[in-house]
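Residue numbers (the working numbering), protein chains in the order written: chain A, 67 to 540; chain B, 67 to 540. C-beta: ideal position from N, C-alpha, C; glycine also. These figures come from a predicted structure and were not determined experimentally.
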């Protein structure tokens, strides 16, 4: 494969002609923001040019040009990724979907929304609610774009009940690397019509094609919900309760876990101690936060009673009902603040987003903390107990960057190996980007990794789309 | 691509050595059953040999041999398909999974079952229930294998609430055409770890690899359910009620529709008229059958009240509650007998399994019936109103085979074109096989169809696995 070409003034002129003067930036006119995502430890790279695209046709024209000229193209949503997925590590142009931020229409008879990919998750969620509908995927990062969520198959808090982003993508418009426009899927939930290119696109991190329009499934807005906090002696006891909760026919919307220290940090940060630290004279070491949904107070009360019985059996210190809107807001604000709290406390950060079978979470966390202590790395963790997805953050504190990176590498190598041993996956929702490529290869094995590479060749024979990511090495 | 080779006595000897004398059949020893599925109108083809495999290792050895010798291999589950998917149209061997019929183990902490692919759907469903769990996918054909269900992404009656087979496949073992063994997925529900080869395998009809083990997600068994029959004046009125039912926050498990004539036939066939034909002096022309699930009688009663209010608004003649176990059994037996009834009444049959957006069902049915009348083809239909999946059967009655095929071809051409115009999909759950290839190509377009073909090349460069199916032409 020959090397990529650099952007010449002539090509820049053609790009400027496609998107227009006001949406084309070149050289020093490109803001530094476009050189990194929210995990800059994996490196920064300035693009040679930036196009703020507005339509499928523009994207198609750009791809035809860049394909012919062998200029790499990296798509970027809101840049909230954590694995370097939108960083143009081989130069070329960044194609930002930030201006493709229109919710196009609702189809109330088929319960779907047609949207551009640059719409923010929080905006889509609010707009759907205003239509009496809910968009169920609910990742912690609300200012991500829905296109980014689809490209990483983001999961979020409600996955236990509702599944992940993949489960809500019914159709999309895709621009292939050579500029051809392809429509995948329809406004239907059931299909057995050839290989699912749609499911191949979901989670492909902008390496196979560029998503320019989405049809997403919605559900009726749940009538009522209540959250419950279950304090436990320690994380092992907390996690051990999860299978019983899942078996109790409560159909919970979320089952989150959190360790005591991060709850304390969050309380200090928000100034609002909503999680009880001492319950009936006993220190809580970890918590399970459950959200139940229902149609009526009677139904929720009945579900809460059953959860209470389960909680007693599994050794919870108490069941604290979070029923009022204000308290609910505070509790979920505390939960949502975890990453912000961690970022505020440390200079440098690295992260793991592994998924392990639910019954291995506690064991995995114990292993991680032991290894972290061995390597001298400070670790904070929280995550989705209901689906085994852990967010584990390594904080540099006072360590020098080089030393921090050296220690984190040793810790990550050990933890990802343990994750594979536990039959887990490298990433639950943050994806691979260029940061986790080696761990992916080790986890899935050479045969599957080789097939992924061959699929990349099929869609992008010139390797110009987001090069160096997922299963591609330049 | 060179032609396929014929089975020589030497290769036959090697196959016999792999699976053993008692599970290898050759020439006349192969039963005629293995030459067709349940829709023989698409042609029969005898395999040169039949292997009743029992393990992943045997499958791997067979594939290594057949790959080297260029012998086509077609996998077969229970042979209940309707599009010729398991018919060895280019000869070679049929590899039947019927002996791989063991449910291997349950993991009650992670709510999954590990199973061989040859287990029948009815056996898995019953066994899961005995463990207090439910396997949600519920296609009408209960004697299909789960491997076949995964290979076609079968949907069934409960898809409105629970989704389709795809949503329950967490992991699988796959033997590639060259004999390599690959494991895809893990016992986790959330993942963002490279391209989803797992989702590519689901619905690929045995053309990319051979599934030899499955890890399937289960859910707690619902505590209670009730079915309700809503009679309407005609099919248009019945279908028009569906969006309102879906928006009423009832989370129904099924929403089925049926036309009056098929209900009459079913009543005559089973000797049990469970659907009322005259309601308050008015002739019912069509029905909606809704199943609701819940945790308590109180909750179900409350949901029934709300459904009753919706039914009145949308013009249902009545709401008949099917509450007792016996009546429920009769109603669902009548529903399940539809295909059997149709088969019993006609000599030759052809079928369509399109999906259209829910709000286009009635319009599509009217079009189909008009076209059928124009072509002189007798048509029966029923299906899944909640997800737009229609099962439309063309019955030959007294027509000669050649004339029937000629007329059906004209009818199908028109209906599939209309389906594409309505933004529908060629197949909801019966798949493509070799019967629907041209309709698939027309529906998805040359770009997507070409990508499917290129993916086939990646997995099966020698084109020896189930040749001539889905997107492959010899």
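Judged by DSSP secondary structure, residue 455 of chain A falls within the beta strand (DSSP E) whose first and last residues are 455 to 461. By the 16-neighbour rule on beta-carbons within 10 angstroms, residue 350 of chain B is buried. If only uninterrupted beta strand (DSSP E) runs of at least 3 residues are considered, those enclosed by the region 154 to 179 of chain A are 159 to 162 and 169 to 173. Going by DSSP, residue 291 of chain B is part of the beta strand (DSSP E) stretching over 290 to 298. Separation of residue 418 of chain B and residue 382 of chain A (C-alpha to C-alpha, rounded to the nearest whole angstrom) is 54 Å. For residue 513 of chain B, the secondary structure class from DSSP, reduced to helix, strand or coil, is helix. At a cut-off of 8 Å between beta carbons, residue 491 of chain A contacts chain B. For residue 524 of chain B, the nearest beta carbon of chain A is closer than 8 Å to its own beta carbon. Counting only residues of its own chain and dropping the five nearest sequence neighbours on each side, residue 319 of chain A has a CB closer than 6 Å to the CB of 224, 227, 357 and 359. Residue 416 of chain B is bridged by DSSP to B:460. The beta carbon of residue 521 of chain B sits closer than 8 Å to some beta carbon of chain A. Residues 461 and 463 of the same chain have their beta carbon placed closer than 6 Å to that of residue 444 of chain A, with the five preceding and five following residues left out of the count.
The secondary-structure analysis by DSSP pairs residue 186 of chain A across a beta bridge with A:211.
Straight across, the Cα-Cα distance linking residue 332 of chain B with residue 210 of chain B is about 22 Å. Under the DSSP assignment, residue 92 of chain A falls in the beta strand (DSSP E) whose first and last residues are 90 to 92.
If you draw a 10 Å sphere on the C-beta of residue 422 of chain B, you find 16 or more other C-beta atoms in it, and that means buried. By the Cβ neighbour-count rule, residue 251 of chain B is buried, with 16 or more other Cβ atoms within 10 Å of its own.
Taking C-alpha positions only, residue 307 of chain A is separated from residue 367 of chain A by approximately 20 Å. With 16 or more other CB atoms across the displayed protein chains lying within 10 angstroms of its CB, residue 502 of chain A is buried. One finds 225 and 453 in chain A with Cβ atoms closer than 7 Å to the Cβ of residue 255 of chain B, taken in chain order.
Straight across, the Cα-Cα distance linking residue 538 of chain B with residue 513 of chain B is about 14 Å. Non-local C-beta neighbours of residue 355 of chain B in its own chain, meaning closer than 8 Å and more than five positions away in sequence, comprise 293, 294, 295, 296, 320, 321, 322, 323, 324, 397 and 401, ordered along the chain.
Closest option to residue 339 of chain B, judged by alpha-carbon separation, among B:471, B:310, B:399 and B:75: B:399. Taking the CA atoms as reference points, residue 133 of chain A sits about 13 Å from residue 276 of chain A. Beyond the five residues adjoining it in sequence on each side, residue 372 of chain A comes within less than 7 Å, by CB distance, of 314 and 316 in the same chain, given in chain order. Residue environment analysis places residue 290 of chain B among the exposed positions, since fewer than 16 neighbouring C-beta atoms fall within 10 angstroms of its C-beta. The continuous beta strand (DSSP E) containing residue 355 of chain B extends over residues 352 to 360. If you draw a straight line from the Cα of residue 249 of chain B to the Cα of residue 273 of chain B, it comes to about 17 Å. Here residue 362 of chain A is exposed. Its C-beta has fewer than 16 other C-beta atoms within 10 Å. Beyond the five residues adjoining it in sequence on each side, residue 505 of chain B comes within less than 7 Å, by CB distance, of 482 and 492 in the same chain, given in chain order. Of the candidates B:213, B:451 and B:137, B:451 places its Cα closest to the Cα of residue 420 of chain B. Here DSSP, grouped into helix, strand and coil, assigns residue 320 of chain A to strand. Judged by pairs of C-beta atoms under 8 Å, the region 513 to 527 of chain B does not touch the region 157 to 177 of chain B, as fewer than three such pairs exist. Look at residue 276 of chain B here: in three-state DSSP terms it is strand. Exposed is the label assigned to residue 467 of chain A, since fewer than 16 other Cβ atoms lie within 10 Å of its Cβ. With respect to residue 197 of chain B, residue 234 of chain B sits apart: the two C-beta atoms are not nearer than 8 Å.
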